[in-house]
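Written out below as structure tokens is the structure these notes cover.
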Amino acid sequence: MKYIFVTGGVISSLGKGLTAAALGALLECRGLKVRIQKFDPYLNVDPGTMSPYQHGEVYVLNDGAETDLDLGHYERFTSGELSRLNSLTSGQVYETVIQKERRGDYLGKTVQVIPHITNEIKDRILKGGEGVDILITEIGGTTGDIEGLPFLEALRQFQHDAGRENVAFLHCTLVPFIKAAGELKTKPSQQSVAKLREIGIQPDILVCRTDRPIGEENRQKLSLYCNVGIDAVIECRDVENSIYELPMMLAEQRIDEIVVKRLGIQCKPIDIAPWREIVRRIHHPKHQVRVGVVGKYIELQDAYKSVYESIIHGGIANEAHVEIVRIDAEDLETKGTASLAGLDGILVPGGFGNRGIEGKILAVQFARENKIPFYGLCLGMQVTVIEFARHVLGLKQAHSTEFAPQSPDPVIHLMESQKGVFTKGGTMRLGKFDCQLTAGSHSRAAYGKDLIQERHRHRFEYNDAYRTRLEAAGLIVGGVNPQSGLVEIVEVKDHPFMVGVQYHPEFKSKPNQAHPLFAAFVKAAIEQSKKSC
Ligand code: GLN
Numbered sequence: 004m005k006y007i008f009v010t011g012g013v014i015s016s017l018g019k020g021l022t023a024a025a026l027g028a029l030l031e032c033r034g035l036k037v038r039i040q041k042f043d044p045y046l047n048v049d050p051g052t053m054s055p056y057q058h059g060e061v062y063v064l065n066d067g068a069e070t071d072l073d074l075g076h077y078e079r080f081t082s083g084e085l086s087r088l089n090s091l092t093s094g095q096v097y098e099t100v101i102q103k104e105r106r107g108d109y110l111g112k113t114v115q116v117i118p119h120i121t122n123e124i125k126d127r128i129l130k131g132g133e134g135v136d137i138l139i140t141e142i143g144g145t146t147g148d149i150e151g152l153p154f155l156e157a158l159r160q161f162q163h164d165a166g167r168e169n170v171a172f173l174h175c176t177l178v179p180f181i182k183a184a185g186e187l188k189t190k191p192s193q194q195s196v197a198k199l200r201e202i203g204i205q206p207d208i209l210v211c212r213t214d215r216p217i218g219e220e221n222r223q224k225l226s227l228y229c230n231v232g233i234d235a236v237i238e239c240r241d242v243e244n245s246i247y248e249l250p251m252m253l254a255e256q257r258i259d260e261i262v263v264k265r266l267g268i269q270c271k272p273i274d275i276a277p278w279r280e281i282v283r284r285i286h287h288p289k290h291q292v293r294v295g296v297v298g299k300y301i302e303l304q305d306a307y308k309s310v311y312e313s314i315i316h317g318g319i320a321n322e323a324h325v326e327i328v329r330i331d332a333e334d335l336e337t338k339g340t341a342s343l344a345g346l347d348g349i350l351v352p353g354g355f356g357n358r359g360i361e362g363k364i365l366a367v368q369f370a371r372e373n374k375i376p377f378y379g380l381c382l383g384m385q386v387t388v389i390e391f392a393r394h395v396l397g398l399k400q401a402h403s404t405e406f407a408p409q410s411p412d413p414v415i416h417l418m419e420s421q422k423g424v425f426t427k428g429g430t431m432r433l434g435k436f437d438c439q440l441t442a443g444s445h446s447r448a449a450y451g452k453d454l455i456q457e458r459h460r461h462r463f464e465y466n467d468a469y470r471t472r473l474e475a476a477g478l479i480v481g482g483v484n485p486q487s488g489l490v491e492i493v494e495v496k497d498h499p500f501m502v503g504v505q506y507h508p509e510f511k512s513k514p515n516q517a518h519p520l521f522a523a524f525v526k527a528a529i530e531q532s533k534k535s536c
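Each residue of the sequence shown is one higher than the one before, starting from 4 at the first, in our numbering.
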């Protein structure tokens, strides 16, 4: 069993998660079984209750764990399935240790960061990697953060527990260009590595984020001052078109070879063909389409991360370049739907809370009436039902009880099991559930099978009391959970593609294996673009 620890220095947002994911992808291309996990030093138990402004999207795993969006990168770049064991926060560590203390497990000892907190962290390293050849663990935050210290201390200890020959440290750092001096500066990297060495961690590989070539001289300087082999100073330029270029870029500098050598792993040479094909498709698309995403956190880069990635995957599957047009739902309420004109597809993603809800309903109406391909995810499915009930069934006050608790026509309502539950966080319908697809539906055709599993994260549901009327008017049920009977998919009849899903398909899409419904949606958008030409 081999371990790679990924840390970051100088600043956050260096693409540490992507680096870990891309390295995982390359090691898989060598036939190795890889898993990637994240340790986050913040005190929240999980990001489930954090605002998208704080933390971007919440990424949901099959087992229902609500995790950091980096786990999305890990699952998109590698084939291993992740579980709640692969996502750890300081909040969880302290919660576990305090519970043990209350139970008396420590037999009256003084409970301390070393060894009790660090033991708990080391235990999760061991558990997170069961059954694979290599475990990559990314430590969130930046070297020098107070809250990150127990994690780094645990890694320092772990290298002795597992044997130094079985552990590699990769440090991501920034090599900034300073305009006034007209040169790249290595000092911030030197200092962040010095900080790591103070703790007792010597990086083996340095991944240097930079906007231009670092050059031989800087490479030598970084190698000398940071005590890293010259080959192991990896230049990580900002990728031009797509994050999926990253594995190729790192492979060109033989990062996988350095890791394999450093850890003494016997494996086959790298076969990078699948990533080459993905990049080829991105660089040479045959089609061009414009898809609008109508949401409430549209100005944030990361709030709909997996949705944007999945749309790109749908494009890759269809050899299309998809231009994603971000549309603020509230703008539709105040300025009308002019911004939707000319789009080849419209997508409404998931969400919570009232803001922008009427704008989303307007987007649904526009797509339905103008027969523009439409795809609604979770809340996007719920507004599809509300819009249909209002404008086709004529139930003018139809709504979800999330937004209008007194609505006379609650077409979306709270699940029985959720009634009376008030604690936020972890009380939703979370994780993987079955869905039986309806013969003849768009969804059945796209998936190519009858029974599927998809991930959920919501409290409210399609109200079955309206099903007969909605179906008779043309809102077909495309899939149902066989255990509970809950409606999971709706589709508008006599429309090129209008599908709403109660789950989050964006958590199961990969660049080389686009989610079937995202692929079908982009395909429908391509057809639409041909019509409007
Ligand atoms: N707010 C809705 C619910 O809780 C939808 C949630 C979502 O889109 N993830 O059911």
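Every residue, glycine too, gets a C-beta built ideally from N, C-alpha and C.
All of these numbers come straight from a predicted model, not from anything done at the bench.
Query                                                                                                                                                                                       : Result
Does DSSP put Ile142 in a helix, in a strand, or in coil?                                                                                                                                   : strand
Tell me, which residues are paired with Thr387 by DSSP?                                                                                                                                     : Answer by DSSP bridge pairing: none, since Thr387 is not bridged.
Have a look at Asn47 and Gly185 and give me their C-alpha separation to the nearest angstrom.                                                                                               : 42 Å
How should Glu372 be labelled, buried or exposed, when 16 other C-beta atoms within 10 angstroms of its C-beta is the threshold for buried?                                                 : exposed
Confirm the yes/no value for this check: CB of Gly354, any heavy atom of the ligand SAM, distance under 7 Å.                                                                                : This structure does not include the ligand SAM; its bound ligands are the ligand GLN.
On a Cα-Cα basis, can you pick out the residue from Ile364, Thr471, Ala370 and Phe355 that is closest to Gly51?                                                                             : Phe355
Identify, in the order they occur along the chain, each residue of the same chain with its Cβ nearer than 8 Å to the Cβ of Leu303, setting aside the five sequence neighbours on each side. : Pro55, Tyr56 and Gly59
Hey, would you say Ala24 sits closer than 8 Å to Thr81, going by beta carbons?                                                                                                              : yes
Going by DSSP, which residues form a beta bridge with Pro413?                                                                                                                               : His402
For the segment 99-185, list the beta strand (DSSP E) runs that are entirely contained and at least 3 residues long, ordered along the chain.                                               : 137-142 and 170-177
If I measure Cβ to Cβ from Glu474 and keep anything under 7 Å in the same chain, skipping five residues before and after, which residues do I get?                                          : Val480
Could you pull the DSSP bridge partners for Val263 from this structure?                                                                                                                     : For Val263, which the question treats as bridged, DSSP gives no partner whatsoever.
Out of Pro411, Cys381, Leu380 and Glu219, point me to the one whose CA is closest to Ala392's CA.                                                                                           : Pro411
Leaving aside the five residues before and after Asn244 along the sequence, list all residues of the same chain whose C-beta is less than 8 Å from its C-beta, in chain order.              : Ile285 and His286
Could you tell me which residues DSSP puts in a beta bridge with Leu454?                                                                                                                    : Gln439
Taking the Cβ atom as the reference point for each residue, do Gln160 and Thr113 lie within a distance shorter than 8 Å?                                                                    : no
Return the Cβ separation of Gly362 and Glu322 in integer angstroms, given the expectation that the two are a contact with Cβ distance under 8 Å.                                            : Actually they do not touch by this definition, with Cβ atoms about 32 Å apart.
Along the chain, which unbroken stretches of the beta strand (DSSP E) at least 3 residues long are found entirely within the segment 31-97?                                                 : 37-43 and 90-92
Give me, in chain order, the residues of the same chain whose beta-carbon lies closer than 8 Å to that of Tyr311; leave out the 5 immediate sequence neighbours on both sides.              : Val296 and Ile327
Any chance the CB of His461 is under 7 Å from a heavy atom of the ligand GLN?                                                                                                               : yes
Between which two residues does the alpha helix (DSSP H) carrying Gln304 extend?                                                                                                            : No alpha helix (DSSP H) holds Gln304; DSSP gives it neither H nor E.
Identify every residue that forms a DSSP beta bridge with Glu464.                                                                                                                           : His416
I want to check one thing, is the minimum distance from the CB of Gln162 to the heavy atoms of the ligand GLN below 7 Å?                                                                    : no
In or out: Met4 buried (at least 16 other Cβ within 10 Å) or exposed?                                                                                                                       : exposed
From Asp347 to Leu520, what distance separates their C-alpha atoms?                                                                                                                         : 16 Å
Mind checking whether Ser90 and His316 have CB atoms under 8 Å apart?                                                                                                                       : no
Should Ile314 go down as buried or exposed, given a rule of 16 or more other Cβ atoms within 10 Å for buried?                                                                               : buried
Assuming Cys229 is part of the alpha helix (DSSP H), what are its boundary residues?                                                                                                        : Gly218 to Cys229
Assuming contact is defined by CB atoms lying nearer than 8 Å, are Glu540 and Gly477 in contact in what I supplied?                                                                         : Examination of residue 540 is not possible in this model, given that the chain is present from 4 through 536 alone.
Please classify Met501: does DSSP put it in a helix, a strand, or coil?                                                                                                                     : strand
Starting from Gln291, follow the beta strand (DSSP E) in both directions and report where the run begins and ends.                                                                          : His290 to Gly298
Taking Cβ positions, are Leu187 and Val196 nearer each other than 8 Å?                                                                                                                      : no
Rounded to whole angstroms, what's the CA-CA distance from Gly397 to Pro499? Just pull it up for me.                                                                                        : 23 Å
For Gly27, which residues in the same chain have their Cβ closer than 7 Å to its Cβ, ignoring the five residues on either side in sequence?                                                 : Val37, Ile39, Tyr77, Phe80, Thr81 and Ile139
State the Cα-Cα distance for the pair Gly34 and Glu98, rounded to the nearest angstrom.                                                                                                     : 38 Å
Ser226 and Gly12: beta carbons closer than 8 Å?                                                                                                                                             : no
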